[in-house]
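What follows is a single structure, written as structure tokens, with notes after it.
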Amino acid sequence: MSDGDYDYLIKFLALGDSGVGKTSFLYQYTDGKFNSKFITTVGIDFREKRVVYKSTGPDGSSGKGQKIHMQLWDTAGQERFRSLTTAFFRDAMGFLLLFDLTNEQSFLNVRNWMSQLQIHAYCENPDIVLCGNKCDLSDQRAVSEDEARELAEKYGIPYFETSAANGQNVNQAVDVLLDLIMKRMERCVDKSWIPDGTVRANGNTNADLSESPDKSKCTC
Amino acid sequence: MIDLSHLTEEEQEAIMTVLSRDAELKRAEEERIRYFFFINLKYFTGEWFYEAKSSRHMDKIHGSELILASIKRRKSALGEILNQQLLIMSNKDTCFDKTFLVQMLNYIDKSDQQVQAKTKQELRLSSQTTSPNGEKDDSITKVLDWFSRSTDSSNWLNNNDEKITKSSSDVHNQLNTEATGKSHVPIEIHKQQDTLATAPPPLEDNSNENQHAKISHLKSFWEKSNSGNKIFISKSITSSDKESKTSKDEEHRDSQSTASIHNDMGVHKDVTNQEKTDKTQQKETHSMLQSLTAPGIQLEKISTAPLFAPTIQPNGISQVVEHIQSEEINKKEKRIPESQVQAKDNLESDKLVHLKPNGQISPKVQIYGSNEDMNRRNYGDRSPKSAPIKDKSPVLNRHVGAQDVPLKDKERIKHLKSFWEQERAKTGYIVKTRADLKSTSAKLNKRHMSKSVPSFLQKELSGSVMTMYSGDFGSVEVQGTIHFSIHYVQKLREFHIFVAQCKDLATVDPKRGRSDPYVKSYLVPDKANLGKRKTSVKKKTHNPVFNEILRYRVRMEYLKTQTLILSVWHHDTFGKNSFLGEIDVDLSKWDFDHTQMNYLALKARTYPTLTLPNCRGEMRIAIRYVPQIVGPNSGEIHIWVKECKNLPMIRATIDPYVKCFVLPDTSKKSRQKTRVLRGTTDPVFNHTMVYDGIRQADLTEACVELTVLDRDRLATNLLGGLRLGAGTGRSYGSLVDWMDSTAYEVALWDRMMASPNEWVEDVLPLRWLHSTKTTSK
Chain R
1172 MSDGDYDYLI KFLALGDSGV GKTSFLYQYT DGKFNSKFIT TVGIDFREKR VVYKSTGPDG
1232 SSGKGQKIHM QLWDTAGQER FRSLTTAFFR DAMGFLLLFD LTNEQSFLNV RNWMSQLQIH
1292 AYCENPDIVL CGNKCDLSDQ RAVSEDEARE LAEKYGIPYF ETSAANGQNV NQAVDVLLDL
1352 IMKRMERCVD KSWIPDGTVR ANGNTNADLS ESPDKSKCTC
Chain Y
267 MIDLSHLTEE EQEAIMTVLS RDAELKRAEE ERIRYFFFIN LKYFTGEWFY EAKSSRHMDK
327 IHGSELILAS IKRRKSALGE ILNQQLLIMS NKDTCFDKTF LVQMLNYIDK SDQQVQAKTK
387 QELRLSSQTT SPNGEKDDSI TKVLDWFSRS TDSSNWLNNN DEKITKSSSD VHNQLNTEAT
447 GKSHVPIEIH KQQDTLATAP PPLEDNSNEN QHAKISHLKS FWEKSNSGNK IFISKSITSS
507 DKESKTSKDE EHRDSQSTAS IHNDMGVHKD VTNQEKTDKT QQKETHSMLQ SLTAPGIQLE
567 KISTAPLFAP TIQPNGISQV VEHIQSEEIN KKEKRIPESQ VQAKDNLESD KLVHLKPNGQ
627 ISPKVQIYGS NEDMNRRNYG DRSPKSAPIK DKSPVLNRHV GAQDVPLKDK ERIKHLKSFW
687 EQERAKTGYI VKTRADLKST SAKLNKRHMS KSVPSFLQKE LSGSVMTMYS GDFGSVEVQG
747 TIHFSIHYVQ KLREFHIFVA QCKDLATVDP KRGRSDPYVK SYLVPDKANL GKRKTSVKKK
807 THNPVFNEIL RYRVRMEYLK TQTLILSVWH HDTFGKNSFL GEIDVDLSKW DFDHTQMNYL
867 ALKARTYPTL TLPNCRGEMR IAIRYVPQIV GPNSGEIHIW VKECKNLPMI RATIDPYVKC
927 FVLPDTSKKS RQKTRVLRGT TDPVFNHTMV YDGIRQADLT EACVELTVLD RDRLATNLLG
987 GLRLGAGTGR SYGSLVDWMD STAYEVALWD RMMASPNEWV EDVLPLRWLH STKTTSK
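Structure (structure tokens):
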């Protein structure tokens, strides 16, 4: 699969409590399939996917398509693998934090996961997308959408109600995360020494980009 | 380290599988990035253009610079320029200076007495104040006197073709202008001059001396002066080196900022190979014409020669022949008839430039001597296009065609690539070894590198510094001396070692009576992993003249913590290179103001500290002998390799494992190995090996040879070993070199024999095992 014919290698990591649906979520994203059997992940695993990313410029124009090779790390939620999985946090550029909408405890643990990320990720404020998974099980829902959104807003991260079973919002969540990463990359690359006319990741040239306000603290 | 002992075997295996998949992906990514960089670098740096240009225009001069030089030449006053130049060059009172002086004085217009006088005055003063050698002072003033007195037409020098001299002075102006325009160049010249100066013969202050006598005096003067004069111009290569380093960074377990640019230099290889015959010294110019080249051009090697090497004609007309390395653009000029140029046996050149009456320079080929290098550089009469620089060597070609990559661009590219890597620290699991990357990059290099890719892109530190750690130095008796000088160029932050020559080296190959020496430099301890630098190989000589600069891009602070080792080796095409001697210089005690030539006698190998006891680490090991249980031949030796500590870090990370043989049995059956532990100098193996069929009688004849090896992907390197045995030097009646157990090893072995069935344990220092045949994989 990795034939080198891509423009960027982007690494994401899915984390969250055991059983929230991380593996299924990624499997749905990469293969479009769902397996309801529960097989706990042994420590760590990853899947790969090749996508084309087209950014939208500040004026809404669509940029050149970039071939992205995504490496999606799937971590075990179980406690006993915690030390192992935490070690992988530093390698990911973006995170998919999942919780189970039918399991309140998994939602409450989101705070813990967030603080883990703050400590172990590559920087203090990495790009994260919060996903309330299993939204198809509406009658078993234990976490309201509002409180979930509220939490997401508190952290300043996007929130999606997803379903690995029927694929709802799975692609969107990952696409948003990818977009965040690509935009962050843009900002962090020093503009000063890129010659004018160089086509950037989003397809714009130096001349196109105006001074974008640096919202997120870029630690690079 | 993370404690994952709570995981089951199966779980660990499953995780390992995932990790290996990740490693694959990483590898592919590395290759992709490397390829990307090399290709894109071409565009970013304009390399694509300069490559194409160099195939047509061998010189590197931009059109604008040529015009500028031409204009300047007309404008500047002869005297002033000469003045400046002479002052600079006379700071070091070397024979080169005198050579130069003679030329300069010769060119000074006879009528321009004032300038002449002034120049001489200043020279005298400067030479008096700065020259450490009184004799040299005298000689320079003598020269001055000699020439001042003979500036009339009786001076044989002035019998020159006036036009020629004038034009050569014009050229020199041109050069000087450019040189002074680039301020670091002349300074470098004077600093790096060889102070090996022999005083010229005392010149009679007698204008009545007949011409012949003068000629012969001067002849000897030139010859002597040519014995050691070197000028060279070095330009810095500001480019940091290989991209491969950046990708390697990612793999270093403990690397910190992976985007940092390594300090070491780019290519050190010589651009030109100055072969010399036994009789001759080099007289290639280097030329200030180099300074005419575009600022971006980097020329790694500095060829050396006095700037002007006059030839003495039998008819008393001397011709100044200027050797330059790069061609000038002008080709239309007629050449000075060959008859006027005498091929002296001490002249060697790849290209001669004859000075034209109108001051233009044209390339002209002269082949002196018979060495093949020069033949290769036979450019042919008129067309620079046919210049065989390309054919000569990829290295040379690269240098010639190479453009410097402004540091800024390289930084940017690095950023693009390593945006994420910057944030990362080490990964939590096994990383590839550097060897993996090396092979990858080597593959990539082969795949994508053409001859014309700039050297800094292709640079991989040539070879390894493994020879430093090997104990096998051949059996050559060390003799001879090495002449070198050291110079730290503050402005470029570079450490230069000018290797002039070696004298009286040992003969490696007694059969054929030849040595093909080269000089290698490295720093110890090389925490920055700068690696070694090598000169070219001079074939079949015991007195090789290199005149090459080996450089390191380092800060002075780091240098002061290092010891420089210059070692001379004989290059064997087929086998292992043989050690011919070395010297070491403790840079912490070195006076960096001393940039003169040093002549040191070569020493035999000063073993690096790795041969001191306990510097290869130690092994905790337990052994026991179980006497025959069933039948007469069933005794067993049990060897419990527990752990090692403080293994030598011959690489940034080592992957040790232990291999065991029971000598004299070197068959595969006798070989047992532990697993390879990654990235540790204190591996805990806890591995027990059992050898059966050992009778009691065998215990005094056999030897358990344990070697701790470093599993590098391409090679296996011996870290250290033990030989447990009786240490008698004999096995089954024959003298063998592996029954060489040390006292400790013998003691343990004795304890084992004395207490059968019981474990005896000890911590033994590892040592270098000579002639171990068991270090193959």
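Protein chains in written order, with this note's numbering: chain R, 1172 to 1391; chain Y, 267 to 1043.
Each residue gets a CB set at the ideal place from its N, CA and C atoms; glycine is no exception.
Collapsing the DSSP output to three states places R/TYR1330 in a strand. For Y/CYS881, no alpha helix (DSSP H) run applies, since DSSP gives it neither H nor E.
Residue state for Y/LEU868 is assigned as coil, using DSSP reduced to three classes. Annotation: the continuous beta strand (DSSP E) that includes Y/VAL785 extends over 783 to 790. With its beta carbon at least 7 angstroms from every one in chain R, Y/ALA289 lies outside the interface. For Y/HIS837, there is no enclosing alpha helix (DSSP H), as DSSP marks it with neither H nor E. Look at the beta carbons and you see the stretch 978 to 986 of chain Y not touching the stretch 1017 to 1030 of chain Y: under three pairs across the two are nearer than 8 angstroms. Collapsing the DSSP output to three states places Y/ASP948 in coil.
Here the C-alpha atom of R/THR1273 lies approximately 4 angstroms from the C-alpha atom of R/ARG1312.
Within the same chain, LEU1186, PHE1260, PHE1266, LEU1268, PRO1297 and ILE1299 come within 8 angstroms of R/LEU1288 by CB-CB distance, once the 5 residues on both sides are set aside. In the DSSP assignment, Y/ALA335 forms no beta bridge with any residue. In this structure Y/PHE951 is in contact with Y/LYS908, their Cβ atoms being roughly 7 angstroms apart against a cut-off of 8 angstroms. Contact note: R/ALA1185 does not reach chain Y at a C-beta cutoff of 7 angstroms; the least C-beta distance is about 14 angstroms. Cβ-Cβ separation between Y/ASP921 and Y/ARG944: approximately 5 angstroms, consistent with a contact (criterion under 8 angstroms). Secondary structure note for R/ARG1251: it is in no beta strand (DSSP E), with a DSSP letter that is neither H nor E. The C-alpha of Y/THR940 is placed about 9 angstroms away from the C-alpha of Y/MET955.
Here the alpha carbon of R/ARG1221 sits roughly 26 angstroms from the alpha carbon of R/GLY1190.
Bridge pairing for Y/SER751: Y/PHE764 [DSSP]. Between the alpha carbons of Y/ASN843 and Y/THR1008 lies a gap of roughly 29 angstroms. DSSP, reduced to helix, strand and coil, places Y/GLU277 within a helical segment of the structure shown.
In this chain, the beta strand (DSSP E) harbouring R/ALA1185 covers 1179 to 1187. Look at R/VAL1213: its C-beta is under 7 angstroms from a C-beta on chain Y. By the criterion of a C-beta distance shorter than 7 angstroms, Y/VAL284 is surrounded by no residue of its chain, once the five residues flanking it on both sides are discounted. Taking a Cβ-Cβ threshold of 8 angstroms, the residues of chain Y close to R/GLN1242 are ASP288 and LEU291, in chain order. Y/GLY995 and Y/THR1038 have their C-alpha atoms roughly 15 angstroms apart. Between R/ASP1216 and chain Y, the shortest Cβ-Cβ separation is below 7 angstroms. By the rule that beta-carbons nearer than 7 angstroms mark a contact, R/ALA1263 does not touch chain Y. The Cβ atoms of Y/ILE748 and Y/ILE849 sit closer than 7 angstroms to each other. Within the DSSP secondary-structure output, Y/PRO1031 pairs in a beta bridge with Y/GLU884. Residues of chain Y with a Cβ closer than 9 angstroms to the Cβ of R/GLY1234 do not exist; the shortest Cβ-Cβ separation is about 17 angstroms. For R/LEU1351, the enclosing alpha helix (DSSP H) has its first and last residue at 1341 to 1359. Per DSSP, Y/ASP1016 is not a residue of any beta strand (DSSP E); the alpha helix (DSSP H) it occupies stretches across 1009 to 1020. Interface with chain Y (7 angstroms Cβ-Cβ cutoff): R/SER1254 is included.
In this chain, R/TYR1293 is not harboured by any beta strand (DSSP E), its DSSP state being neither H nor E. For the C-beta of R/LEU1180, the chain Y residues within less than 7 angstroms are, from N- to C-terminus, GLU295.
Annotated three-state conformation of Y/LYS308 is helix, per DSSP.
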